[in-house]
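Below is one structure, written out as structure tokens, with a few remarks after it.
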Amino acid sequence: MKQVTTVEISLKSIVYTLALIVLALVAWKIKGVLIALFIAFILMSGFAPLVEFLTKNGVNKALSVALTYLLAISFLGMLFFFALPPLIQQTQEFVIKMPTYADQINLTFNSSQIPGLSSSTLAEIVSNRLDSALSNLLQLALNVFNIFITFITIAVFTFYLLLEREKIKKNVYLLVPHLPRKDVENLAYKIEEKTGAWVRGQIVLMIIIGVFTYIGLTILGIEFALPLAVIAGLLEIVPVMGPIISSIPAIMIALVEGPILAIATIALYILIQQLENNVLVPKVMEKAVGLSPLITIFAILVGGTLFGIMGAVLAVPATAIGHVIVQDRFQKP
Numbered sequence: 000m001k002q003v004t005t006v007e008i009s010l011k012s013i014v015y016t017l018a019l020i021v022l023a024l025v026a027w028k029i030k031g032v033l034i035a036l037f038i039a040f041i042l043m044s045g046f047a048p049l050v051e052f053l054t055k056n057g058v059n060k061a062l063s064v065a066l067t068y069l070l071a072i073s074f075l076g077m078l079f080f081f082a083l084p085p086l087i088q089q090t091q092e093f094v095i096k097m098p099t100y101a102d103q104i105n106l107t108f109n110s111s112q113i114p115g116l117s118s119s120t121l122a123e124i125v126s127n128r129l130d131s132a133l134s135n136l137l138q139l140a141l142n143v144f145n146i147f148i149t150f151i152t153i154a155v156f157t158f159y160l161l162l163e164r165e166k167i168k169k170n171v172y173l174l175v176p177h178l179p180r181k182d183v184e185n186l187a188y189k190i191e192e193k194t195g196a197w198v199r200g201q202i203v204l205m206i207i208i209g210v211f212t213y214i215g216l217t218i219l220g221i222e223f224a225l226p227l228a229v230i231a232g233l234l235e236i237v238p239v240m241g242p243i244i245s246s247i248p249a250i251m252i253a254l255v256e257g258p259i260l261a262i263a264t265i266a267l268y269i270l271i272q273q274l275e276n277n278v279l280v281p282k283v284m285e286k287a288v289g290l291s292p293l294i295t296i297f298a299i300l301v302g303g304t305l306f307g308i309m310g311a312v313l314a315v316p317a318t319a320i321g322h323v324i325v326q327d328r329f330q331k332p
């Protein structure tokens with residue numbers, strides 16, 4: 000006689016499943032807010048050690064957070080005070096001269112004999128690429144502006160996360176009452192440690208790449224070295240595509256002077272990229288985040304596919320958090 004297997008699904012399981020589906024849909028609808036909150040959490044993890052240091056030395060918690068913000072703003076203010084005037088001047092000159100670069104590049108190739116490739120065809124290719132690069136830079140500028148619009152929100156989120164950090168932790172403990180509090184505290188500490196290390200490591204990388212780019216472009220005699228170096232430093236945070244995008248305007252400017260200088264500029268960016276990949280990132284980032292290169296690349300691709308540039312940027316810290324949780328859950332003795 001054939002045996003019949005009956006699978007019973009409880010009403011409770013159905014309700015939980017429906018609740019998870021609704022929660023996932025709501026999270027997708029408000030993903031912009033959640034991303035801003037996640038950025039605030041990452042920044043909070045980066046600032047938390049300084050706030051803790053101040054509070055341990057007798058400074059009021061609210062004052063500690065305010066002083067941390069003041070120090071960060073003062074640092075940015077000093078940076079802009081010294082760098083902003085020449086940056087604005089060189090950027091204005093760069094924008095004014097940019098439309099003439101295509102014609103100058105055309106003249107450069109008209110005076111160069113390249114077997115098998117007509118100067119008109121090459122000029123057309125370069126012009127099209129330049130237009131495409133300018134279009135991409137414009138889109139990038141619009142994206143940066145949109146990010147700037149949310150900056151105040153993120154700053155407020157970060158402030159209250161720092162101020163109410165302990166209260167938030169207590170509320171999280173209430174959400175998982177079945178877990179030992181000490182285990183939850185250790186997990187929270189590890190997550191903050193990883194994300195904070197990522198923030199500090201990323202800042203160090205951005206500064207180093209910006210300085211190296213400025214020195215290299217100055218030695219080569221490339222115009223607008225300062226804004227180009229700032230672009231390289233800022234785009235360092237964008238995995239894979241950041242260094243490529245930052246090199247395009249520098250190569251175009253060098254190409255005006257001639258192919259040899261353009262090749263030297265390409266070599267400079269490749270050298271900096273190799274230095275970053277083989278020396279800086281292994282020492283600064285891999286130790287902090289603790290992810291294998293394969294997992295890191297996969298996370299960046301998935302994050303970029305789902306959420307664009309911001310997803311690619313946040314993919315590594317998000318994956319690092321997931322890695323910490325998995326390790327804590329499955330690798331306990």
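In terms of numbering that gives the first Met the number 0, the sequence shown is numbered consecutively and its last residue is 332.
Cβ atoms here follow ideal geometry from the backbone N, Cα and C, with glycine treated the same way.
With fewer than 16 other CB atoms across the displayed protein chains lying within 10 angstroms of its CB, residue 286 is exposed. Counting only residues of its own chain and dropping the five nearest sequence neighbours on each side, residue 168 has a CB closer than 7 Å to the CB of 187. Of all alpha-carbon atoms in 21, 183, 34 and 162, the one lying nearest the alpha-carbon of residue 65 is that of 162. About 6 Å separates the beta carbons of residue 261 and residue 250, which is inside the 8 Å limit, making them a contact pair. Residues 63, 64, 67 and 161 of the same chain have their beta carbon placed closer than 7 Å to that of residue 50, with the five preceding and five following residues left out of the count. Under the three-state reduction of DSSP, residue 178 is assigned to coil, being neither helix nor strand. Under the three-state reduction of DSSP output, residue 223 falls in the coil class, being neither helix nor strand.
A contact between stretches requires three or more CB pairs, one per stretch, nearer than 8 Å, and the segment 297-306 fails this requirement with the segment 211-227. A Cβ-Cβ separation of about 5 Å places residue 242 in contact with residue 272 under the 8 Å criterion. Restricting attention to alpha helix (DSSP H) runs no shorter than 4 residues, the segment 11-61 encloses them at 30-55, ordered along the chain. Non-local beta-carbon contacts of residue 238 in its own chain, meaning distances under 6 Å to residues more than five positions away in sequence, involve 299 and 311 in chain order.
Per the coordinates, the alpha-carbon of residue 293 lies some 33 Å from the alpha-carbon of residue 21. Taking a contact as a CB-CB distance under 8 Å, the pair residue 194 and residue 41 counts as one, their CB atoms being some 5 Å apart. Around the beta carbon of residue 25, fewer than 16 other beta carbons sit within 10 angstroms, so the residue counts as exposed.
Under the three-state reduction of DSSP, residue 291 is assigned to coil, being neither helix nor strand.
Straight through space, the alpha carbons of residue 192 and residue 73 are spaced by roughly 25 Å.
The three-state reading of DSSP puts residue 248 in helix, counting H, G and I together. DSSP places residue 190 in the helix class (H, G or I) of the three-state scheme. In chain order, 183 and 187 place their CB closer than 8 Å to the CB of residue 171, counting only its own chain and leaving out the 5 sequence neighbours on each side.
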